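See structure below.
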Amino acid sequence: MTINVKNLRGMTETFAATLLDKGIKTSDQLLAAARDSKARQELAKMLETDTKKVLELANRADLARIKGIGSVYSDLLENAGVDTVRELATRNAGNLLQKIGEINAAQNLAGRLPTLTQIQDWIEQAKSLPRGIEH
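With the working numbering applied, the sequence shown closes on residue 1029, and no number is skipped along the way.
What follows is the structure in structure tokens.
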């Protein structure tokens, strides 16, 4: 699933405008533009930021490929140590649900937690997708 770069959590108006000027309009296009370390360095220069921020945005774009993961659930996943599709593909759904529940109880990020079935679906989707980010 692709979304407008303006809708990625952590995306500033300035970053979005610069990306749009360069023809990068969607999360999939951002992911392609930030796929490896060299590309992220070039993107960081263009955005006048550091590569860490670009990697954070690329990770969000990567997770946006999973149907059902929006900005709130991507926050929960990141706080649970899952920041890429590749990482999600390796997780146990039950353990991940428990960890997400603990995080949400402490930080109150989501009004409603994903179900076990949703998380299982995310993991299956992740297993079927190609790697989006090279480190």
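Beta carbons: idealized from backbone N, C-alpha and C, even for Gly. Predicted model, so just to flag it, every value in this text is computed and none were measured.
Helix, strand or coil: how does DSSP classify residue i here?
i            : result
residue 898  : strand
residue 920  : strand
residue 943  : coil
residue 976  : coil
residue 908  : helix
residue 1017 : helix
residue 1028 : coil
residue 929  : coil
residue 984  : coil
With a 10 Å radius around its C-beta and 16 neighbouring C-beta atoms as the bar for buried, classify residue i as buried or exposed.
i            : result
residue 977  : buried
residue 985  : buried
residue 898  : exposed
residue 1026 : buried
residue 968  : buried
Just tell me which of the options has its CA closest to the CA of residue i.
i            : options                  : result
residue 896  : 1027, 1018, 920 and 1007 : 920
residue 913  : 931, 942 and 930         : 942
residue 970  : 1027, 1013, 926 and 900  : 1013
residue 1020 : 923, 910 and 982         : 982
residue 961  : 909, 1027 and 1008       : 1008
residue 965  : 997, 898, 954 and 975    : 954
residue 963  : 1025, 939 and 1015       : 1015
residue 994  : 1010, 979 and 980        : 1010
Going by beta-carbon coordinates alone, are residue i and residue j separated by less than 8 Å?
i            : j           : result
residue 881  : residue 925 : For residue 881 there is no data in the structure shown, the boundaries of the chain being 895 and 1029.
residue 958  : residue 902 : yes
residue 1017 : residue 987 : yes
residue 928  : residue 910 : no
Is residue i close to chain B? Criterion is C-beta to C-beta, closer than 8 Å.
i           : result
residue 939 : The question asks about chain B, but that chain is absent: this structure has only one protein chain.
Exercise. Would the region 997–1010 and the region 947–956 be scored as touching if the rule is three or more Cβ pairs under 8 Å?
Worked result: no
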